[in-house]
Amino acid sequence: MHQLHSSMGLESQTSYSRVSATTLMRLVLLLFATCSISTASVAFAQGSGTVTGTVTDSKSSEPVAQSNVTVKGTTIGTATDAAGRFHITGLNGVAGSPVTLTIRRLGYRPTTLTSRLNEANLRVSLDPTTTTLSALVVTGTVAPTKAKELGNSVSQIDAASVMKTAPVRNIEQLITGRAPGALVQVGQGGSPGTGGRIKLRGSVSLSLTDQPLIYVDGVRVDNAVATGPANAAFGGAVSRLNDYSPEDIESLEIVKGPAASTLYGTEAANGVIQIITKKGHQGATRWSATIRQGSTWFSDAENRFPTVYGLDAANTIISRNPYEEAVLQSGRKPFGTGYQQGYEVNASGGTDAMRFFVSGAHNNDDGYEPSTGVKDYHFRGNLQLKASKRLDVSLLGSYITGRTLLPADGSFGGSTYALLNFRPARLTLATKGWDFGSPYDNQRVWRFGQDVNHFIGGIQTTARPLSWLTSRVNVGFDRVNELNDQTTGRLAPDLAAVFGTVTASGRRDIRTRIANTSSADWIVSAAGGSVDRFKLTSTVGAQYVRKEFHLLGEIGTSLPAAGVYTISSASIIQATTESIEQNATLGSFAQQEIGWRDRVFLTLGLRVDNNSAFGSNLDWVRYPKASLSWVLSEEPFWRFSNAVSAFKFRMAYGETGQQPTAFAALRTYSPSIGPGGASAVTPNTTGNPDLKPERGKELEGGFDATFGEDRASFEFTMYNKRTYDGIFAASLPPSGGFPGTRFTNIGQIQNRGIEMLFRSTLFDTRNADLDLTVNFAHNKSKVIKVGNAQGFINNGSYRQQEGFPVASFFNRKVIGASFNPTTKKAENVVCDDGMGGGVACANAPSVFNGNTIPTKFGSVSPSLRLFGWLQLSTLVDFQLGFNREDGTHQSQCTSGFCRENFYPEEFDVIKIAELQNGLLDDFSMRKADFYKLREIGATATLPGRIARLMTARAATLTLAVRNLHTWTDFTGLDPEAYYVSQQYFPGNFNISPPASTLMAKINLSF
Amino acid sequence: MSVHIAYRRTARGFVTLRRCTAIVFAAAALACSGGIDSLLEVEQPGTVSEPVLLNPANALLLVSGAQSDLHCALARYIVAGGAVGEEITWGDLNTFDFDRRTFTAASGAYATNTCANGIGVYTTLSTARYSADHTHQILSGFTDAEVPNRAVLMATMSAYAGYSLVLLGEAMCAASVDVGPKLSRAELMTMAEQRFTAAISEAGSVGTAASANVVNLARVGRARARINLSSTNASKAAEAAADALLVPDGFVWNASYVSTTVTSSNYVFYWINEQQRASIEGPFQIVGDPRVKVTNTALQAFDRITPLWTQQKYADRNAPIPIARWAEAQLIVAEVQGGAQAVSIINTLRARASASLPTFASSDPTAIRNQVIAERSRELFLEGQHLGDKIRFNLPFTPAAGSPFKQGLSYGTMTCFPYPDIEALNNPNGA
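What follows is the structure in C-alpha cells.
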C-alpha cells in the first residue's frame, strides 16, 4: 500500500507521481479552503490609536532589538527594530486612555506597564535576567508558549545577542557550547564552508541518521550533513544547517526530548532544531549593515606534523620534518593565511498591516589552504501581513547561492595529506619523498567543490475566527540543488612527472544532488477557561511531509588539454549514475493542555503517523506524550522566596520515531549491463516487509530555579531515553546472494543523562558587571539488545555490544610483552583474554576499548561588561570521555616511516608489540578528551559622534578570535577532526584540523 | 461569575473544537477514500521489484543478469587472486593486503566488495552463484511455450552456477552457499560438479549448436571441478580427463564485457592498464611468449614506486576473458595422463601460440608434470586459474612470509581467502 508495488509495472510509476502531486495540491487547497471558510466572515474596523516608544537595556542603555511588544488583552503587537523602537497602531479608544503593554525579550525580565493611547515617546527599560521562565518558546504549536508552561526542556539560544560579540560564522558555531545536551562534533572544520554533526542526547539509532530535523520558521528543510565531493571514501564535509546566515537569525530552539513527539512524530527521534529568523517591526524603515574582515590560519602548523624516518641508499636511518621539507623544497609555507570578508545589510519596517524584514549578505572567506574557501550570497525576506484583525499571513523566502572549495583530504592529496605522508626513504625518487607531490603541487592539482542553490519558501496563515479559536496553516517548500565536483585538469608536464600519467590525464567527477522537501501542516487550537482557575488549550492538527532526493553522477577521465574539463570533453566515461528516492509521511495529532491557576500545567497528546517506507505489514504508528510543569514558587506554601525566587518542577514523557530509508522494506534488483550490452538485473536489496520505525520512549524530569533577585539561575534535567525496535542495517551473509545489509528491527538502545545550565551575575556595579554561564551534559548510552545470540554486531573497529556504550571500540589488546634489543622485536606477546587474564594474541577476543562518542561535554562562558560600552566574552568548551584512533600515525607506522619503526626501544613495549603484530587499533587508540578556547570576543559600542561620522545612528565594533588553543593528550593533529560521514567511527586520518580565525566586525544602524 | 463565563466560553470552545476536529478527521477520511494511499505512494524508478521479474517476458533479463554477475566476479577475482597468486603486484595505495597476503577473516575488501564498489571475491562470486541458481529456479517455473529456448537457458544457468562454485572453491579456504553451513573447498567442488552435470543433462538432448556450446562449457567446468577433487579422490582425475577429452578443438566460452561503465568492463584491463593500480609481477615479466603478453612501460604505477609492467592479453575494456576453452581442457588431459601425451599437448599448445616457442622434450614424469604446471601458468595467464594452481600444486609463495613488503610491514601467510567474518557472524549455520 505504501510503496509502488512491482506488480503495477514500471509504466505506471509516472502516473503515481501525478496522483501524488495532485493529491498534495488538493490537500493544500483543502486546508486553505477550510482556513478561508473560518475567516471569510470576519470583518472589523481597526482603530486609529497608536503607541510609540523605545526599549533599552537597563544596564547598558543600549537599544534592545526584536523585543516582543504586545497590547494586553488583544492580539495586537509588534517587535522592536535595531534601534529598540516600536510603533503600535490600530488601537481603539480615545487619546490618553490607558493601554497596557507587555514587553518580552529572551534574556530580559518581562515588563508590563501602562501607557496612554497616542503616546509618542514611551521609554521602556528592560532588566537583564538569568531566568528564562518567562521566555516564549515556539514549540510548533499555533502560538508561542511560555517556558513556564512546558514540562520538557527546550534550549534557547539568543542568536541576535550572541552575534554581537562572538566570532560565529554559522549555525553550528552558534550552537557550540551554548545548549546543554547538544554535542557539536565539528569534523572537517579546516576550511570555510564545512560543517559537522550535532547529536542531541546521544545516538539513538544503530544505523539510521543521528541528525536532528531542522525547521526554519515552521518550514521543514533539508538536514543533510557530509554533503559535497567525497574525500576518498570518507564522504563530504558540508552541512546544510550552515546555509543560514546567523546575522538573519533571531533565536534557535533546540527540542531534545519528548516535546518532539506530538508535533513532529516519525523522524523526530533525533530532536528538532527550530530556526527563528528576524522579523520586521512596525515603524519607519530601519537599515542595519555589518562589515566583517578577518583571517584564518593553521595554528602552530610548523610544530604539529611529526618527524618521519626512513633508510637511505646506504641503509642509514634518516629523518625529516615534513613541514620543514616542504618549505625547503618549494620555498613557501604549506599553509597560508586566508583572508575572510563578509558584508550584510538588512532593512525592516512596516505598518500595522504589513511588516517586513529583508536582508542580503555576501561572504568571501579563504581557507588556510590556498585552494579552499567559500564565496556565497544570501538573500532573505519575511513579510507579515495583517489581512484583518483575525487573519495574519506570513510569507518567507530565502535563497543562498555559492561555491565552497574544500581540501583534498583522506587518501586523495592536499597539503595535510602530503605532509602526513612524506617518506624520507623516497627522497631520491621523482616525487622527492612525497606520496605524490609536495603540498604546493597538490594545491595546484586538486579541486573539490560544491556549488549550491538553496531556496526556501513558505506561507503561513493564522486565523482567529473567534477570540478563543486559532487556525494555522503552514505550507513550505525547500529545494537544495548541489553540484559537487572533483576536478583535476590535464596536468602540466612538471606535475605529470610527479603525479603519474593516470592523474596527469585529468579527471572530472560530478555529482548533482537535488533535495526537495515539501511540508504542510494545519493546526487548530482552541483556548478557554481562566488564568485564575483552569485554562484549557486544545489542539488538533495534521501534517504532511514529502521528500525527494535525486542524485546524478558522471565521471570522465582523460581530458584533452589543460583548462578543458567538462565531462563531455573526457575521452573515457567511467560511470553514469542516477538514483531517485522518495519518502512521504502523513500524520495527525491531538493535544490537550490544562493550566491550573497559571502554575500547574498538564499536557497530553497523541500523534498517529504513516510513512511510505514502513513495511507492508505495518499500519499506523501511535506516539503518545504527557508532560507536567509545576511552578512551585508561585504556590502559597512556597517558603523560600528570598533564596529561590522562582522554581519550576517539570516532567515529561513522550514517544518519537525514526523511519527507515525509502524502499528498505522491498526486495529489489538493480539494472545492470549484460553480455553484449543487453539489459540485465543484479540483486540489490533483500528487503524486509515487517520493517517498522524505530520508537524512542523518553522520560525526563528536572527543574528550573532562579536564585536571589535573578542573580543566578539553574536548570537541571535528567532523562532516560530508550529506543525500541531499533533499526539496524544487519550485514547479510554474502552466501545468500544479496550483498550489503538489511534493515531489521532488532536493537534497543538506552541513553541516560543529565543536563545542567547555570547562569549567574557574579558582580554588578555601576561600571562593571560579570556574568558567568556554565553548561554541562553527561550522556551514558548503552546497547540493550542487538538481536542475535552472540550479543554484539561487529563493524570494523567498533562494535554494538549489549551492555556497552553505542559504537564502542572493541579491539584485541596486548597486555604483556618483552623487548628483545638485539632483534628489536617484541617477544612473549600476551593479549587480554577479556576475563582478567592473558591469552595468545591469535586466539584473543576483542575487548572493550572505550567510547567513540564523548560522554561529558559542556562549556564555561564568562562575560564582562565595562563602562556600559565595552563587553568582553569568552567561551571554553570541552568534550570528555571518548577515544579516537590516530589513523594517520597508524598509517605512517604500518607504512614504515614513523619513529617506532626505527627506534622501538624508546617506546612502550606494549605498543611496539601491537604494531609489530598487526594489532593496530589499540596501537593507535588515543584518549581524545579536549578543552578548547573556542571564542574570545570584545565588542565596543562606539560613541555617537563616531557613528554619525559614518552617517549611522549607532555603531558597534567587535574583535574576536576563534579556536585559539586546544588542551588535549591526543597525538593526532586535532581531536575534533574526523570525517563527518562516519557517524559511528569518526576516523582521524589525513584530515585538515579546524582553523583558527580572527574577525573584526563593525555593525552600523541607520 | 467570571469563572462561570469562562467555563461557558470553554464549553463553547469545545463545541467548536469538536467541529474543527471533525473537519480534520473528515479531511483525513477524504484522504483515506483514495487519498492517503496516493499521498504515501512513492516512485521507485531506479530499481526493479522482485515480482516484476516473475514474468516469462523477463526471462532473458534474468539470464543476462546472472551472466553479467559471473563475468564481473571473474574479472575481479582475476585481479584479487592474481595479486595473491603472484601474477600481478599491487601498485595502489590501498588494499595491498591482497599482494602482502595479510588479509584476515575480518578484512573487508575481499569479503564484502561488490561489483559496484571495488575488488572483491566472496560477495561477487556468491552473488553470481545466487543469480544463476535463482534464475534457474525461476526458469523451471515457466513453460517452454512461455520462454523460447528454455532448456538451454536453464543449462547455461546451471553451468554458470557451477563456475561460481568452482571459483569459490579455488579462491576461498571455505565458503557457504545459501546461508548454509561452512563448506570445505572439496564440498564446493562437489556442488559445482553437480551443477555441471545438471547443465550437461539439460542441454544434452536439445541438439542445437547453442546447446552443444553449453554442454562443452559444462564439460570443461566439470573437468576443472573434478581435477580439483582429485587431490582427495583419485578417481576424479580420470573423470576429469574424460570430460576434457570430449571438448572439441577450438571451443571457447568467453565472459564478455562492454566499456559502458567500469562495472561492465574488463576489470583486468581497467585496473592494470587504465588505472595503473597494479603491475605484472616478476615471474610473468616475460619477453617472447605470446601467451604472456606484457609490456615494460618504464613508468611507475599509481603508487609511484612500483615499476609498471602492463598486460597486453586484453586490449581494452571490451576484451572478453575466457571462462572455458579447449586449451584448458587439453592441459587437464595432460595433467592427468602425463607422459608422452602430456608432452604432445604441451608442444601442440606452444606451436599454436607461436612458431618461435621451443619444443619441450622429456620423459621424466616429474619434469613433465612441472612443465604442465608451467604451461598452465602461461596458457591460462590472467584467466583466474593461477592461484588455484598454486594451492593445488602446493607451489611456494614468494617472497616468503616475513619478508618486507614494499608499502610497509611484511608478507603474510595467507594463500586462500579465509571464511569471512561477515559470513560467520551473520549466517546462523555458518559457525
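The listed protein sequences correspond, in order, to chains S and B.
Quick note: to get the numbering used here, add 4 to the position in the first sequence (first position is 1).
Quick note: to get the numbering used here, add 24 to the position in the second sequence (first position is 1).
All residues carry an ideal CB built from backbone N, CA and C; glycine is no exception.
Which whole-angstrom value describes the C-beta separation of residue i and residue j, a residue pair presumed to lie in contact below a C-beta threshold of 8 angstroms?
i        : j        : result
Ala262/S : Glu702/S : According to the sequence displayed, residue 262/S carries Pro and not Ala. 5 angstroms between Cβ atoms; contact.
His969/S : Leu937/S : 4 angstroms
Arg182/S : Asn783/S : Not quite, the Cβ-Cβ distance comes to about 17 angstroms (not below 8 angstroms), so this is no contact.
Leu130/S : Ile161/S : Not really, about 19 angstroms apart at Cβ, beyond 8 angstroms.
Asn237/B : Ile345/B : That belief does not hold up - the Cβ atoms of Asn237/B and Ile345/B are roughly 17 angstroms apart, past 8 angstroms.
Ala358/B : Ala366/B : 4 angstroms
Arg394/S : Arg468/S : 4 angstroms
Ala195/B : Val276/B : Not a contact, Cβ separation roughly 22 angstroms.
Ala964/S : Ala958/S : Rounded, the Cβ-Cβ distance is 19 angstroms, inconsistent with contact.
In terms of residues, what are the limits of the alpha helix (DSSP H) holding residue i?
i        : result
Thr372/B : Gly363 to Ala377
Tyr444/S : Pro443 to Val449
His285/S : Here His285/S belongs to no alpha helix (DSSP H), and DSSP marks it neither H nor E.
Asn240/B : Ala233 to Leu253
Asn394/B : Pro389 to Glu403
Leu424/S : Gly418 to Leu424
Glu447/B : Asp445 to Ala448
Glu226/B : Arg209 to Gly228
Are the beta-carbon atoms of residue i and residue j separated by less than 7 angstroms?
i        : j        : result
Thr580/S : Glu558/S : yes
Ser3/S   : Gln431/B : With chain S running from 5 to 1010 in the structure shown, residue 3/S is simply not present.
Phe452/S : Gln490/S : yes
Lys4/S   : Asp973/S : Residue coverage of chain S in this structure runs from 5 to 1010, which leaves residue 4/S outside it and unanswerable.
Ala264/B : Ala242/B : no
Gly185/S : Ala656/S : no
Gln335/B : Val318/B : yes
Phe429/B : Val316/B : no
Gln70/S  : Glu271/S : no
Ser182/B : Leu149/B : no
His366/S : Ile404/S : no
Tell me the residue span of the beta strand (DSSP E) that contains residue i.
i        : result
Cys835/S : Lys829 to Asp836
Asn905/S : Counting along the chain, Asn905/S falls outside any beta strand (DSSP E), though it belongs to the alpha helix (DSSP H) covering Arg903 to Phe906.
Met954/S : Counting along the chain, Met954/S falls outside any beta strand (DSSP E), and DSSP gives it neither H nor E.
Met929/S : Met929 to Lys931
Leu212/S : Looking at the DSSP string, Leu212/S is not in any beta strand (DSSP E), and its letter there is neither H nor E.
Gln883/S : Leu874 to Leu884
Quick one, which of the options has its alpha-carbon nearest residue i's?
i         : options                                   : result
Phe305/B  : Val238/B, Ser229/B, Gly115/B and Lys206/B : Note that residue 305/B is Glu in the sequence shown here, rather than Phe. Considering only alpha carbons, the answer is Gly115/B.
Val190/S  : Thr689/S, Val242/S and Gly418/S           : Val242/S
Gly991/S  : Phe813/S, Ala917/S and Asn832/S           : Phe813/S
Asp61/B   : Leu495/S, Asp613/S, Phe481/S and Lys828/S : Asp613/S
Ile321/S  : Glu904/S, Asn367/S, Asp525/S and Gly791/S : Glu904/S
Asn72/S   : Thr54/S, His91/S and Ser62/S              : His91/S
Ala163/S  : Ala684/S, Ile279/S and Tyr313/S           : Ile279/S
Asn1015/S : Ala357/S, Val142/S, Glu348/S and Glu659/S : Nothing about residue 1015/S can be read from this structure; chain S reaches only from 5 to 1010.
Ile1036/S : Ala811/S, Glu806/S, Val810/S and Val833/S : Only positions 5 to 1010 of chain S appear in this structure, which leaves residue 1036/S out of reach.
Is residue i a contact residue of the ligand FAD, with contact defined as CB to any heavy atom under 6 angstroms?
i        : result
Gln192/S : As far as ligands go, the structure on display features none, and thus does not contain the ligand FAD.
Entirely enclosed beta strand (DSSP E) segments - the region 712-782 of chain S, minimum 3 residues: 716-735 and 745-768
Whole alpha helix (DSSP H) elements within the region 462-518 of chain S, 4-residue minimum: Whole alpha helix (DSSP H) segments, 4+ residues: 497-508.
Sequence ranges, alpha helix (DSSP H) only - wholly within the region 85-131 of chain S, length at least 4: DSSP runs (the alpha helix (DSSP H)) wholly in the region 85-131 of chain S: none.
Contiguous beta strand (DSSP E) assignments of at least 3 residues, all confined to the region 300-375 of chain B: Runs found: 302-304, 318-324, 331-335 and 345-349.
In chain order, each beta strand (DSSP E) run of at least 3 residues that lies wholly inside the region 75-136 of chain B: Counting only runs of 3 or more, we get 112-114.
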